[in-house]
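Structure first, then comments.
There are 2 protein chains.
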Amino acid sequence: MADTAYDLVVIGGGPAGYAAAIRAGQLGKKVACVEMERPGGTCLNWGCIPSKALLKAAETYETIQHADKLGFNVGEVTFDFDKIIQRSRGVSDQMAKGIEFLFKKNKVDYISGVGQVSAPGMVEITDGEDKGAILTASKILIATGCKARTLPGVDVDGENIFTSREALVMKKQPKSIVIVGAGAIGVEFAFFLKTLGTEVHLVEMLPQILPHEDKDTATALQRSFKKKKLKTYTGTKVENIKKTEGGVSLELVKGDKRTPLEVEALLLSIGIVPNMEGLLSSRVKLKEDRGYLVVNENYETNVKGIYGAGDIIGPPWLAHVATYEAVQAVNGMFGHGTPKKVTLFPSCTYCQPQVASVGMTEQMVKEKGIDYKVGKFPFTASGKAVAIDSSEGFVKVITDAQHGEILGAHIIGHDATELIGEYALAIHSELTGEDIHDTIHAHPTLSEANMEAVASVFGEAIHI
Amino acid sequence: MADTAYDLVVIGGGPAGYAAAIRAGQLGKKVACVEMERPGGTCLNWGCIPSKALLKAAETYETIQHADKLGFNVGEVTFDFDKIIQRSRGVSDQMAKGIEFLFKKNKVDYISGVGQVSAPGMVEITDGEDKGAILTASKILIATGCKARTLPGVDVDGENIFTSREALVMKKQPKSIVIVGAGAIGVEFAFFLKTLGTEVHLVEMLPQILPHEDKDTATALQRSFKKKKLKTYTGTKVENIKKTEGGVSLELVKGDKRTPLEVEALLLSIGIVPNMEGLLSSRVKLKEDRGYLVVNENYETNVKGIYGAGDIIGPPWLAHVATYEAVQAVNGMFGHGTPKKVTLFPSCTYCQPQVASVGMTEQMVKEKGIDYKVGKFPFTASGKAVAIDSSEGFVKVITDAQHGEILGAHIIGHDATELIGEYALAIHSELTGEDIHDTIHAHPTLSEANMEAVASVFGEAIHI
Numbered sequence: 020m021a022d023t024a025y026d027l028v029v030i031g032g033g034p035a036g037y038a039a040a041i042r043a044g045q046l047g048k049k050v051a052c053v054e055m056e057r058p059g060g061t062c063l064n065w066g067c068i069p070s071k072a073l074l075k076a077a078e079t080y081e082t083i084q085h086a087d088k089l090g091f092n093v094g095e096v097t098f099d100f101d102k103i104i105q106r107s108r109g110v111s112d113q114m115a116k117g118i119e120f121l122f123k124k125n126k127v128d129y130i131s132g133v134g135q136v137s138a139p140g141m142v143e144i145t146d147g148e149d150k151g152a153i154l155t156a157s158k159i160l161i162a163t164g165c166k167a168r169t170l171p172g173v174d175v176d177g178e179n180i181f182t183s184r185e186a187l188v189m190k191k192q193p194k195s196i197v198i199v200g201a202g203a204i205g206v207e208f209a210f211f212l213k214t215l216g217t218e219v220h221l222v223e224m225l226p227q228i229l230p231h232e233d234k235d236t237a238t239a240l241q242r243s244f245k246k247k248k249l250k251t252y253t254g255t256k257v258e259n260i261k262k263t264e265g266g267v268s269l270e271l272v273k274g275d276k277r278t279p280l281e282v283e284a285l286l287l288s289i290g291i292v293p294n295m296e297g298l299l300s301s302r303v304k305l306k307e308d309r310g311y312l313v314v315n316e317n318y319e320t321n322v323k324g325i326y327g328a329g330d331i332i333g334p335p336w337l338a339h340v341a342t343y344e345a346v347q348a349v350n351g352m353f354g355h356g357t358p359k360k361v362t363l364f365p366s367c368t369y370c371q372p373q374v375a376s377v378g379m380t381e382q383m384v385k386e387k388g389i390d391y392k393v394g395k396f397p398f399t400a401s402g403k404a405v406a407i408d409s410s411e412g413f414v415k416v417i418t419d420a421q422h423g424e425i426l427g428a429h430i431i432g433h434d435a436t437e438l439i440g441e442y443a444l445a446i447h448s449e450l451t452g453e454d455i456h457d458t459i460h461a462h463p464t465l466s467e468a469n470m471e472a473v474a475s476v477f478g479e480a481i482h483i
Numbered sequence: 020m021a022d023t024a025y026d027l028v029v030i031g032g033g034p035a036g037y038a039a040a041i042r043a044g045q046l047g048k049k050v051a052c053v054e055m056e057r058p059g060g061t062c063l064n065w066g067c068i069p070s071k072a073l074l075k076a077a078e079t080y081e082t083i084q085h086a087d088k089l090g091f092n093v094g095e096v097t098f099d100f101d102k103i104i105q106r107s108r109g110v111s112d113q114m115a116k117g118i119e120f121l122f123k124k125n126k127v128d129y130i131s132g133v134g135q136v137s138a139p140g141m142v143e144i145t146d147g148e149d150k151g152a153i154l155t156a157s158k159i160l161i162a163t164g165c166k167a168r169t170l171p172g173v174d175v176d177g178e179n180i181f182t183s184r185e186a187l188v189m190k191k192q193p194k195s196i197v198i199v200g201a202g203a204i205g206v207e208f209a210f211f212l213k214t215l216g217t218e219v220h221l222v223e224m225l226p227q228i229l230p231h232e233d234k235d236t237a238t239a240l241q242r243s244f245k246k247k248k249l250k251t252y253t254g255t256k257v258e259n260i261k262k263t264e265g266g267v268s269l270e271l272v273k274g275d276k277r278t279p280l281e282v283e284a285l286l287l288s289i290g291i292v293p294n295m296e297g298l299l300s301s302r303v304k305l306k307e308d309r310g311y312l313v314v315n316e317n318y319e320t321n322v323k324g325i326y327g328a329g330d331i332i333g334p335p336w337l338a339h340v341a342t343y344e345a346v347q348a349v350n351g352m353f354g355h356g357t358p359k360k361v362t363l364f365p366s367c368t369y370c371q372p373q374v375a376s377v378g379m380t381e382q383m384v385k386e387k388g389i390d391y392k393v394g395k396f397p398f399t400a401s402g403k404a405v406a407i408d409s410s411e412g413f414v415k416v417i418t419d420a421q422h423g424e425i426l427g428a429h430i431i432g433h434d435a436t437e438l439i440g441e442y443a444l445a446i447h448s449e450l451t452g453e454d455i456h457d458t459i460h461a462h463p464t465l466s467e468a469n470m471e472a473v474a475s476v477f478g479e480a481i482h483i
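Residue numbers (this note's numbering), protein chains in the order written: chain A, 20 to 483; chain B, 20 to 483.
This is the structure in structure tokens:
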């Protein structure tokens, strides 16, 4: 890679970085994207995408196991755990190649290596294939993202102890596992492994699984997991993690009570930490807050010309938020509109039943002292849900009591992660519950539940 | 059933009728619903709902057949066709009981029998369990719907020749079938039977299957069917239908060419005709147009106090439209707002890949001479679609070139019928493409394709 001058050098090729590079390319800018592994970042290679392939396998197994109810006689069913893992890697490979194709299409120079901001306007490749290259750029966007948090003294060996990254390439299915942390990642692995037959202990320090979700959907999911004999522990810590001959020993700590447990494997899904190591030379000082880059309303750091977007600028650590921020940052730096900051975003967990939300939880609305109303529609009352044998869950919507504005929506059920889109658009566009109620929804669809939930706020739901 | 005076008597217990009755009950009105079969009407008992249960079976079979790709080894798979049919009946039974429950909850008197408007303000039960009862009502709503159209000289025997109604309770799976008419019903039965192994010939008189859909989605579906070896014939008529010993003989007529064909079964899915028989006594004359009731902007017929809603007032003959009309009519007649007429509604076909649309097709926009733009996003570029092994299809959106208003959206693919909801809300609320583009969509979801399709109108889609 010849040394050259760019309009923009992006460090990091994940959902923020690759989107930023492509967007700059669309705007006709000379742009390079520096990535130390391969395009796609954690999301595409070690997160959202391969995990969805694994979950598809689990769903398929559930479908086959329940097929007799639908009229099918299936002989003995076995599965090849390695093949399931390998398919998920294949999906990541395919999508990563897609990003490389998009780079070419949009004339993005893909630089393979570790990027360091050696000075404002200058990025040095300090390791990897293109080591030694020095890129000059009028603007630099840092989008190096985050990596899984680990615990001091706990050796993530990829054999018995994993973060999500190692868990995505498990060499064999563990007979038993403790999953520490019941956010989306922990919950998804719990569902995946339990469905395939692993004994799963899902442990959350906070009072509910999916701690950021509305209490109603989180509680409903916990109940659903209980039916599946997937053990959940809330308000519980994991301590004294030790490797044993056959796996891992640990203690579950709830209040004064300590319960020892021996399992084959342990997954740490306890959050993430920013990828800042080696990113800045000693000459470059960027303002940080708890390890995350601090940016202004234009996504610019305290140093002119150096921008940040995605996980590296802090929560909510979601791929779709990262992409949005990156595109906004690039639009802004090249005069294509005023950048917007993120105020509203959906959250999704892809176990079955799925959990999805957008806007405020009922707990948040209460805390803010807003006068609100709640509408709820159960999928048991949905003809489509019953017809497709997926009637678990409900849609819950929270509206402002005075103006009818939609404050939050919380869905648990089949396809919740697709259904939430309508509410995201509604809240973003400041529509009222009445707008959704007055929109004709196709029958029979699960999306009718969105409409009926809102109708129930007014006591006008037809099917409950 | 004692003779009694009602605020409203509804004739017909389908998606228009039962919704009207429930809505009137919610408004505290004394209401009766007269139904000659059982609550739910064609949709719930002989249409939308049981067909979705059958389609779920077909999808399950496809899932099992492709499970090896996902890592599963499945032994020999067989199915019990009768069990598949019976499950679909069970779903209808369950939902019909649900309507009866809702009637009780909303204090709706359920009258079992054939209702006749014997005079304005008077409904007589001319047949059925409650025969002889005479109901007086200040208002009457006619919601008797439609039934399948048949062909003169073709005997629908339920053995070899069916309309959708008989086909939903087929006694055995036919080895081969000609389906006459490739609207949603014909297409859904074609997919269902073909997936389970029937040789299917799907014949459409008009130039494309799904004649009301955008040409792009219809053509894509036809191509998908071809890959499945499901034979489609467009611009083709079926003539000389005759019963034979083993089934049915007929001729496919395309232009001058006549091709004889012998099959085991024939399904007529060539539209519907209004249920007007015996509905009105000779004293009651209601204005009709081609057999359908003519109503004004308040859903009132030419006779004061007699209203109509649903299929009986004409196209588009969709359950969700019928329900909407019925609720509007009831709200209006009891002073709960000004009734709205239907201008925008989604259309859905639940084969795989699904087809869904809302608003104008590109052909309609062209005919109107509107200056428009098209955005398109293929599911092959969607990480979620690839991860769940369902990357067939695309989202196509048509926007006004000048103002960016969304004119129509057309989706073919997995979950298209759920994804269309977002566009329905957008068009209904007069949002622009920019509103959808600027809404953060959860990653990875299929709904991102809605956003990227709109972004592609501006040349700003990231993933294509």
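Backbone N, C-alpha and C define an ideal beta-carbon position, used for all residues, glycine too.
Residue i versus residue j: straight-line alpha-carbon distance, rounded
| i | j | result |
| --- | --- | --- |
| Gly-310 of chain A | Pro-335 of chain A | 15 Å |
| Met-20 of chain B | Pro-171 of chain B | The pLDDT assigned to Met-20 of chain B is 46, lower than 50, so where the model puts this residue is not dependable; a value taken from the coordinates is nonetheless given after this. Met-20 of chain B and Pro-171 of chain B: Cα-Cα distance of roughly 39 Å. |
| Ala-152 of chain A | Val-267 of chain A | 44 Å |
| Ile-389 of chain B | Ala-428 of chain B | 16 Å |
| Tyr-25 of chain B | Gly-324 of chain B | 12 Å |
| Ala-472 of chain A | Val-414 of chain A | 6 Å |
| Glu-307 of chain B | Val-313 of chain B | 5 Å |
| Gln-105 of chain A | His-462 of chain B | 22 Å |
| Glu-386 of chain A | Thr-418 of chain A | 15 Å |
| Phe-5 of chain A | Val-349 of chain B | Here chain A comprises residues numbered 20 to 483, so residue 5 of chain A is not present and cannot be evaluated. |
| Ile-228 of chain A | Glu-467 of chain A | 28 Å |
| Ala-435 of chain B | Val-136 of chain A | 45 Å |
| Thr-15 of chain B | Val-29 of chain A | The requested residue 15 of chain B does not occur in the structure, where chain B is confined to residues 20 to 483. |
| Gly-31 of chain B | Glu-56 of chain B | 9 Å |
| Ile-103 of chain A | Val-476 of chain A | 44 Å |
Residue j beta carbon less than 7 Å from that of residue i
| i | j | result |
| --- | --- | --- |
| Val-173 of chain B | Ile-196 of chain B | no |
| Cys-165 of chain A | Asp-330 of chain A | yes |
| Asn-317 of chain B | Thr-163 of chain B | no |
| Ala-39 of chain A | Leu-160 of chain A | yes |
| Cys-370 of chain B | Glu-207 of chain B | yes |
| Lys-484 of chain A | Gly-297 of chain A | Because residue 484 of chain A is not part of the residues shown, which for chain A are 20 to 483, the question remains open. |
| Met-114 of chain B | Gly-90 of chain A | no |
| Thr-451 of chain B | Leu-444 of chain A | no |
| Ser-183 of chain A | Ala-167 of chain A | yes |
| Val-133 of chain B | Gly-147 of chain B | yes |
Proximity to residue i [Cα-Cα], best of the options
| i | options | result |
| --- | --- | --- |
| Thr-263 of chain A | A:Asp-275, A:Leu-280, A:Gly-274 and A:Lys-276 | A:Leu-280 |
| Phe-100 of chain B | B:Ile-153, B:Gly-297, B:Gly-33 and B:Leu-212 | B:Leu-212 |
| Met-224 of chain B | B:Ile-198, B:Glu-316 and B:Lys-246 | B:Ile-198 |
| Lys-392 of chain B | B:Thr-236, B:Ile-425, B:Tyr-369 and B:Ala-72 | B:Ile-425 |
| Phe-396 of chain B | B:Asp-390, B:Glu-386, B:Glu-411 and B:Ala-406 | B:Glu-411 |
| Gly-47 of chain A | A:Asn-125, A:Met-55, A:Phe-98 and A:Glu-296 | A:Asn-125 |
| Val-374 of chain A | A:Gly-90, A:Ala-201 and A:Val-136 | A:Ala-201 |
| Phe-244 of chain A | A:Ile-431, A:Met-470 and A:Glu-258 | A:Ile-431 |
Contact set between residue i and chain D, taken where Cβ atoms lie within less than 8 Å
| i | result |
| --- | --- |
| Arg-106 of chain A | Going by chain labels, chain D is absent from the structure shown, which instead holds the protein chains A and B. |
Delimiting residues of the beta strand (DSSP E) encompassing residue i
| i | result |
| --- | --- |
| Tyr-129 of chain A | 127 to 131 |
| Ala-375 of chain B | 373 to 378 |
| Pro-293 of chain A | 291 to 293 |
Check: residue i C-beta below 6 Å from any heavy atom of the ligand ZN
| i | result |
| --- | --- |
| Lys-403 of chain B | For the structure depicted, the ligand ZN is absent and the ligand set is empty, with no information on it obtainable. |
Start-to-end residues for the alpha helix (DSSP H) that takes in residue i
| i | result |
| --- | --- |
| Thr-214 of chain B | 203 to 214 |
Open item on the list: Please give me, in chain order, every unbroken run of the beta strand (DSSP E) with length at least 3 that falls completely inside the segment 224 to 301 of chain A.
Closed with: As far as the segment 224 to 301 of chain A is concerned, its whole beta strand (DSSP E) runs of at least 3 residues are 250 to 252, 256 to 262, 267 to 273, 276 to 282, 284 to 287 and 291 to 293.
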